[in-house]
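Participant: Following full-length UniProt numbering, the residues of the sequence shown are numbered contiguously, the last one being 257. Even glycine gets a Cβ: it sits at the ideal position worked out from N, Cα and C.
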Amino acid sequence: MDSSGRVELPAAFEDADIDNIALLIADMLERLIAHNDRIPLLPESLTRFHSRAAPSISVLDYLRRIVRFAKVEKICLLLTLHYVDQICARMPLFTLSSLTCHRFIIASIAVSSKGFCDVFCTNSHYARVGGISLAELNVLEREFLHAIEWRLTCTCEVLQEYYINLVRTHSTGNFVIVDAHSSSSISSDSDVDSGASRPASPMVVETQTSHRQTSTILIDTATLSPQASQGPTIEQNMAFAALQQSLEKAPRQRGNQ
């Protein structure tokens, strides 16, 4: 970081510091959550990823905790964004919100680490790091794999596109990618593309203006097979009623303190 607060990043995500990648991802997810939390919660939109209350730990601190105690690789952090887009497209009613983000992240990290890393942790370790029980993580892992249709692979070109997009859209405008082989740079207030060729199929999707639409990040529409919309199950209705009851109790409990 220079005196102006600008943070220079390498052109390739593989060369970036993992904490800077966590910062970029957390900024994107926090803005996504802020948008999606305004979408009315419907019983049919409940999933295994929904918590009764939003965790008190921030997305950034949660990512840093996972990186520190689970030795997560950079590719797994960026894959979380790819999985967000893929699952949101296949499950139109699912939203990454303050109630789903943390459980989604730990499930994504556990799955991607097993799929792409030579060394990974046990589910019991991921569960302790993520602050959930082993039984919960096992259920989340199965739900995650079903939702993603076991399509865990992603090209480095697409992950690089996520990296570039994270820098372009960062809320502070302090991050900039400097090409070591030229004077060009990419920053959050710049429209200049990187020297490398960009994949043709993915496109950047800006935050939707309608609160009825979920917001995605970068999506390859050619690979998607959205699930048909279904009505809420009895289990979802019961879980929705319990969640609504717990949310209504929380303000009253705070008022009595």
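Mind reading off the beta-carbon distance from D19 to S171? Whole number of angstroms is fine, and I expect it under 8 Å.
Facilitator: On the sequence shown, residue 19 is found 19 positions in, with the first residue counted as 1. On the sequence shown, residue 171 is found 171 positions in, with the first residue counted as 1. Incorrect: roughly 17 Å between the Cβ atoms, too far for contact.
Participant: Using a Cβ-Cβ cutoff of less than 7 Å, which residues in the same chain neighbour R48 once the five nearest sequence positions on both sides are dropped?
Facilitator: For the purposes of this step, residue 48 is identified with residue 48 of the sequence shown, where counting begins at 1. For R48, where only same-chain residues beyond five positions count, the Cβ hits under 7 Å are V139, L140, E143.
Participant: Buried or exposed, going by whether 16 or more other CB atoms sit within 10 Å of the CB of H146?
Facilitator: What you label residue 146 is simply residue 146 of the sequence shown in a count that begins at 1. Exposed, since its Cβ has fewer than 16 Cβ neighbours within 10 Å.
Participant: By the three-class DSSP mapping on this structure, what secondary structure does I87 have?
Facilitator: Here residue 87 refers to the residue found at position 87 when the sequence shown is read from its first residue. Note: I87 maps to helix in three-state DSSP.
Participant: Using C-beta distances below 7 Å, list every residue in its chain close to Y83, excluding the 5 sequence neighbours before and after it, in chain order.
Facilitator: Position 83 of the sequence shown holds residue 83. These residues qualify, in order along the chain: S108, I148.
Participant: Which of helix, strand or coil does DSSP assign to I132?
Facilitator: The residue you call residue 132 lines up with position 132 of the sequence shown. The answer is coil: DSSP assigns I132 none of H, G, I, E or B.
Participant: Quick one: grab the DSSP three-state call for F120.
Facilitator: As a first step, residue 120 is located in the sequence shown; it is residue number 120 there, counting from the start. Three-state DSSP puts F120 in coil, outside helix and strand.
Participant: Going by other Cβ atoms of all chains shown within 10 Å of its Cβ, with 16 needed for buried, is T100 buried or exposed?
Facilitator: In the sequence shown, residue 100 corresponds to position 100, counting from 1. Buried, since its Cβ has 16 or more Cβ neighbours within 10 Å.
Participant: For V139, which three-state DSSP category applies?
Facilitator: In the sequence shown, counting from the first residue as 1, residue 139 sits at position 139. Here V139 sits in helix by DSSP.
Participant: Is K71 near the ligand GDP, going by C-beta to nearest heavy atom under 7 Å?
Facilitator: In the structure on display, the ligand GDP does not appear, and there are no ligands present to speak of.
Participant: With 16 other CB atoms within 10 Å as the buried threshold, where does C154 fall?
Facilitator: Along the sequence shown, one-based indexing puts residue 154 at 154. Burial call: buried.
Participant: Please list the terminal residues of the continuous alpha helix (DSSP H) segment that includes V72.
Facilitator: Position 72 of the sequence shown, counted from the first residue, corresponds to residue 72. From DSSP, V72 is part of no alpha helix (DSSP H); its letter is neither H nor E.
Participant: In its own chain, which residues sit with a C-beta less than 6 Å from the C-beta of L63, not counting the 5 before and 5 after it?
Facilitator: For this step, residue 63 is matched to residue 63 along the sequence shown. Within the same chain, L63 has close Cβ partners A22, A26.
Participant: Starting from E8, follow the beta strand (DSSP E) in both directions and report where the run begins and ends.
Facilitator: Sequence index remark: in the sequence shown, residue 8 carries index 8 (1-based). Here the beta strand (DSSP E) through E8 covers 7-9.
Participant: Tell me which same chain residues have a C-beta within less than 6 Å of the C-beta of S112, skipping the five on either side of it?
Facilitator: Against the sequence shown, residue 112 aligns to sequence position 112. Here the set comprises C76, L79.
Participant: Please report the straight-line C-alpha distance between E73 and D15, rounded to a whole angstrom.
Facilitator: For this step, residue 73 is matched to residue 73 along the sequence shown. For this step, residue 15 is matched to residue 15 along the sequence shown. Distance between the alpha carbons of E73 and D15: 12 Å.
Participant: Who pairs with V59 in a beta bridge, going by DSSP?
Facilitator: Here residue 59 is taken as the residue at index 59 of the sequence shown, counted from 1. In the DSSP output, where bridge partners are listed per residue, V59 has none listed.
Participant: Three-state secondary structure (DSSP) at I177?
Facilitator: Numbered from its first residue, the sequence shown carries residue 177 at position 177. Strand at I177.
Participant: Could you check what DSSP says for D191 in three-state terms: helix, strand or coil?
Facilitator: Numbered from its first residue, the sequence shown carries residue 191 at position 191. Low confidence applies to D191: its pLDDT is 37, below 50, so where it sits in the model is not reliable, and the reading given next is rough at best. In the structure shown, D191 sits in coil (DSSP, three-state: anything other than H, G, I, E or B).
Participant: Is it true that the segment 113-123 meets the segment 50-65, where meeting means three or more beta-carbon pairs spaced less than 8 Å apart?
Facilitator: Because the criterion of three Cβ pairs below 8 Å is not met, the segment 113-123 and the segment 50-65 do not touch.
Participant: If you reduce the DSSP assignment to three classes, tell me which class P92 lands in.
Facilitator: In the sequence shown, residue 92 corresponds to position 92, counting from 1. The answer is coil: DSSP assigns P92 none of H, G, I, E or B.
Participant: Taking the alpha-carbon of L29 as reference, which of I87, S45, S97, V129 has the nearest alpha-carbon?
Facilitator: The residue given as residue 29 occupies position 29 in the sequence shown. The candidate whose alpha carbon is nearest that of L29 is S97.
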